[in-house]
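Number of protein chains: 2
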Amino acid sequence: MAVHGRGRGGGRPTLEEVAARAGVGRGTVSRVINGSPSVSDATRAAVEAAVAELGYVPNTAARALAANRTDAIALVVPEPETRFFAEPYFSEMLRGVGTALADTEMQLLLIFAGNDRERQRLAQYLAAHRVDGVLLVSVHADDPLPDMIAELGIPAVISGPRSADEPLASVDSDNHGGGRSATAHLIGQGRRRIAHITGRLDVYGAQRRTDGYRTALAEAGIEEDQGLVEPGDFSEEGGRRAMAALLERRPDLDAVFAASDVTAAGARQVLREAGRSIPDDVALVGYDDSAIARHMDPPLTSVRQPITEMGRVMTDLLLEQTAVREPRRRVPAGVRRPQTVLPTQLVRRQSS
Amino acid sequence: MAVHGRGRGGGRPTLEEVAARAGVGRGTVSRVINGSPSVSDATRAAVEAAVAELGYVPNTAARALAANRTDAIALVVPEPETRFFAEPYFSEMLRGVGTALADTEMQLLLIFAGNDRERQRLAQYLAAHRVDGVLLVSVHADDPLPDMIAELGIPAVISGPRSADEPLASVDSDNHGGGRSATAHLIGQGRRRIAHITGRLDVYGAQRRTDGYRTALAEAGIEEDQGLVEPGDFSEEGGRRAMAALLERRPDLDAVFAASDVTAAGARQVLREAGRSIPDDVALVGYDDSAIARHMDPPLTSVRQPITEMGRVMTDLLLEQTAVREPRRRVPAGVRRPQTVLPTQLVRRQSS
DNA sequence: AGAGCGCGTGGGAGCGCTCCCAGCAGTGAT
DNA sequence: ATCACTGCTGGGAGCGCTCCCACGCGCTCT
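Protein sequence lines correspond, in order, to chains A and B. Numbered according to our numbering, the first sequence spans residues 1 to 352. Numbered according to our numbering, the second sequence spans residues 353 to 704.
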């Protein structure tokens with residue numbers, strides 16, 4: 001009713017006004033807003049009515065200031081990785097994060113940590129505890145960022161652990177299983193001289209895919225031929241280069257497992273130019289099940305990662321971590337740092 | 353030095369502490385932090401030194417509370433548009449936004465406005481003035497969201513105006529020019545019976561592409577054949593359906609301009625199945641210059657939109673708008689609402 | 001009947017900042 | 001010497017919340 005004093009901002013209702021309206025104290029309204037159990041049903045109803053009538057929405061800034069939490073998490077995007085950014089990976093993950101956040105009051109902040117200046121800013125940002133938690137995607141093995149975050153005691157979840165003993169909580173797809181099933185599939189098709197173009201081996205997940213390739217060969221009793229493995233870097237150009245090298249070295253290869261669809265696209269070009277037909281002469285399998293795979297000619301068999309799901313799980317894990325902390329920030333000694341691994345799935349198309 | 357009182361949060365330095373260290377008052381430090389000109393050089397230097405020594409970072413929540421601004425803008429993502437989300441459009445735009453924001457203190461918030469519940473939440477969010485401005489992407493003609501935002505007086509920029517007289521500031525690519533140059537290119541190749549599969553015509557940009565197609569025909573003195581235009585919906589399935597209808601109706605067509613690459617991919621399938629070779633029998637041009645275009649067989653000629661640039665321009669425009677406002681929010685009467693249009697570019701490949 | 005307990009509750013004391021109003025020199029005009 | 005006036009500066013008064021202490025009330029337990 002009575003417009004408060006000088007009526008500064010043109011009038012969003014405040015806690016105080018709601019309290020007056022409901023005939024209770026500020027503290028009580030706060031308790032209702034925050035779902036404290038120690039409010040009588042009658043009072044709660046009265047407050048809720050007042051909130052509805054006034055269209056009250058809590059002021060986040062004030063809450064953040066008083067409670068020393070932000071109700072926001074950050075998704076840190078290593079932007080120079082144009083590759084990462086351009087691929088559906090990113091948007092799918094974002095969708096997962098969005099889904100997980102939908103039932104929450106949490107806000108999502110996007111922070112780009114491309115160049116050094118941006119990383120500097122990020123460091124400050126985190127140091128100032130301006131987010132409750134951090135989601136890290138696609139971090140390189142030698143990136144110091146995760147350790148910095150860990151040191152600051154900020155809850156964080158990383159997608160794609162940097163190594164087998166990643167200290168941070170992590171969510172990953174089963175790269176080993178993916179590489180293994182792709183290779184096993186080729187073996188099942190009767191292929192025996194199966195080449196492999198790896199990803200960037202400074203990415204742990206890429207190593208795991210290669211490990212999976214080896215596992216499948218071993219399981220089938222096929223002796224590994226070092227000459228059939230050629231390093232790539234996830235790029236199309238890398239795929240071309242690697243494929244050319246492989247053809248030169250082992251012209252009798254009858255299948256290729258590429259560590260990404262883009263790599264497979266590069267390999268396909270070289271195979272075509274060399275007059276090899278796909279899949280008759282050479283079967284081809286990619287990784288990621290991206291748009292490229294579906295639209296390639298012939299459509300590319302590929303390993304699908306549950307990326308959206310990964311985003312969801314990461315977010316859930318992070319929310320759990322942030323919730324666990326003491327009201328007045330103190331990182332509990334023995335929080336478990338779960339290493340979640342989600343299954344992949346082979347999508348069979350005409351290239352194999 | 354002296355740890356402040358009970359030393360609550362484990363100790364980020366505050367303005368007060370910086371002031372003490374520099375031997376000045378709180379107000380002066382605030383002035384320095386905010387770049388006020390009315391501070392003597394000596395004082396400024398002293399304060400800056402103290403800031404550096406203490407590693408002071410301003411507390412955003414406190415600032416937001418006191419100054420009634422948030423230093424954050426929101427990118428509103430209409431999530432149910434899976435199409436939109438999955439395409440590079442989104443990530444490219446995000447990159448543009450990120451670039452523009454890099455030199456700023458502004459933070460980027462991602463808000464999903466998929467279902468009704470999320471939109472509800474968004475409305476509340478905006479009503480509470482929790483962001484200084486809004487970036488809107490890919491909004492449908494009948495979406496009430498922009499009008500709501502305009503009513504609240506929140507600065508906003510929309511990508512892809514909803515109509516020719518969009519009241520909000522907008523940034524768009526030259527859809528008319530794109531459609532025109534794609535069609536003109538086909539004409540230049542000697543094609544005369546050029547079919548067109550439209551996008552969703554409730555999207556203004558799609559209409560404009562079709563207008564461009566008509567313009568190019570008119571300019572070449574080719575009489576338009578209504579039977580050569582078939583509505584699509586940007587999807588692959590829509591492309592297939594439309595292409596089938598076109599082939600049935602005008603089997604002698606010699607070119608197709610599709611309103612999106614995905615649509616073109618659908619069309620290509622049907623053309624192949626009908627035994628038409630590309631580009632010999634039928635030339636094909638798409639729109640978006642997506643990964644699909646590059647990897648199609650044959651690689652697809654397509655119209656490239658400067659999406660990253662659009663993101664950048666949108667953000668700049670928005671920042672300008674937010675800066676223009678009076679310190680104590682009052683939307684100036686006659687802010688101009690610029691309608692920026694960025695040029696497209698035809699990327700020629702083997703499909704035409 | 002009195003002490004003790006626990007549940008609901010009100011409201012003071014901040015959180016760290018910005019805004020703004022005085023106040024204090026120093027300068028030039030009267 | 002007095003009086004504006006200007007250029008910097010200090011610090012009070014909030015911003016709207018959360019936290020927490022203290023208080024009152026109705027019970028149960030001796």
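We treat Cβ as the ideally placed atom computed from N, Cα and C, and that holds for glycine.
For this session: Specify the secondary structure class of B:Y639 as computed by DSSP and reduced to three states.
Result: strand
Exercise. What is the C-beta distance between B:A619 and B:G579, in whole angstroms, given that I count them as a contact (C-beta under 8 Å)?
Worked result: Contact doesn't hold; Cβ gap of about 16 Å is too wide.
Problem set entry | Neighbour flag for B:N411 against chain A, beta carbons, 8 Å | yes
For this session: Please name the residue or residues paired with B:S525 in a DSSP beta bridge.
Result: B:L694
For this session: Quick one: using the 10 Å Cβ neighbour count with 16 as the cut-off for buried, is B:G530 buried or exposed?
Result: buried
Exercise. Expressed to the nearest angstrom, what Euclidean distance is found between the alpha-carbon atoms of A:P327 and A:G23?
Worked result: Only weak support is given to the placement of A:P327: the predicted model assigns it a pLDDT of 38, under 50, and the question is left unresolved by the model.
Problem set entry | Member of A:L246, A:A216, A:L122 and A:S40 whose CA lies at the smallest distance from the CA of B:A454 | A:L122
Problem set entry | Buried or exposed by the 16-neighbour rule on C-beta atoms within 10 Å, applied to B:Q476 | exposed
Problem set entry | Cβ-based neighbour list, A:S352, same chain, cut-off 8 Å, excluding 5 preceding and 5 following | H185, L186, Q189, A255, P279, A283, L284, V285 and T301
Exercise. Are the region 546 to 563 of chain B and the region 640 to 647 of chain B touching by the rule of at least three beta carbon pairs closer than 8 Å?
Worked result: no
Exercise. In three-state DSSP terms, what is A:F355?
Worked result: The requested residue 355 of chain A is not part of the displayed model; chain A covers only 1 to 352.
For this session: Find out if the Cβ-Cβ distance for the pair A:D316, A:A100 is shorter than 8 Å.
Result: yes
Exercise. What is the DSSP secondary structure of A:F90, reduced to helix, strand or coil?
Worked result: helix
Exercise. Do A:E151 and A:I158 have their C-beta atoms within less than 8 Å of each other?
Worked result: no
Exercise. When you compare only the Cα positions, how much space is there between B:F442 and B:I463?
Worked result: 13 Å
For this session: Less than 8 Å between the CB atoms is what I'm expecting for A:R69 and A:D132, so what's the real figure, rounded?
Result: 6 Å
Problem set entry | Alpha carbon of B:R544 to alpha carbon of B:I574, nearest angstrom | 7 Å
Exercise. Considering only residues of the region 195 to 282 of chain A, which uninterrupted beta strand (DSSP E) runs meet the minimum length of 3 residues and lie entirely inside it, listed in chain order?
Worked result: 255 to 258
For this session: Can you have a look at B:A616 and say buried or exposed, based on whether 16 or more other CB atoms are within 10 angstroms of its CB?
Result: buried
For this session: Within 10 angstroms of the Cβ of B:E368, are there 16 or more other Cβ atoms? Answer buried if so, exposed if not.
Result: exposed
Exercise. Which stretch, first to last residue, makes up the beta strand (DSSP E) that contains A:S30?
Worked result: No beta strand (DSSP E) holds A:S30; the alpha helix (DSSP H) holding it covers R26 to I33.
Exercise. Where does A:I154 fall in DSSP's three states?
Worked result: coil
For this session: In the DSSP assignment, find the alpha helix (DSSP H) that holds A:V131 and state where it starts and stops.
Result: Segment: none, A:V131 is in no alpha helix (DSSP H) and carries neither H nor E.
Exercise. When burial is assigned at 16 or more other CB atoms within 10 Å of the CB, is A:P161 buried or exposed?
Worked result: buried
Exercise. Mind checking if A:S235 is an interface residue toward chain B, Cβ cutoff 8 Å exclusive?
Worked result: no
For this session: Anything in the region 285 to 305 of chain A with a Cβ closer than 8 Å to a Cβ of chain B? List those residues in chain order, please.
Result: S290, A291, I292, H295, M296 and D297
Problem set entry | Integer-rounded CB distance, given that B:I425 should sit under 8 Å from B:L488 | The pair is not a contact, with the Cβ atoms about 11 Å apart (cut-off 8 Å).
Exercise. How many angstroms separate the CA atom of A:E230 from the CA atom of A:A242?
Worked result: 6 Å
Exercise. Exposed or buried, which one is B:E600 when buried takes at least 16 other CB atoms within 10 Å?
Worked result: exposed
Exercise. In whole angstroms, what is the alpha-carbon distance linking B:Q697 and B:S533?
Worked result: 8 Å
Problem set entry | Neighbouring residues, chain B, relative to A:A62 (Cβ below 7 Å) | L417
Exercise. For the alpha helix (DSSP H) that A:A45 lies in, which residues bound it at each end?
Worked result: D41 to L54
Exercise. Helix, strand or coil: which one does DSSP assign to B:V491?
Worked result: coil
For this session: Specify the secondary structure class of A:A72 as computed by DSSP and reduced to three states.
Result: strand
Exercise. Should B:S392 go down as buried or exposed, given a rule of 16 or more other Cβ atoms within 10 Å for buried?
Worked result: exposed
Exercise. For A:T301, which residues does DSSP report across the bridge?
Worked result: A:V285
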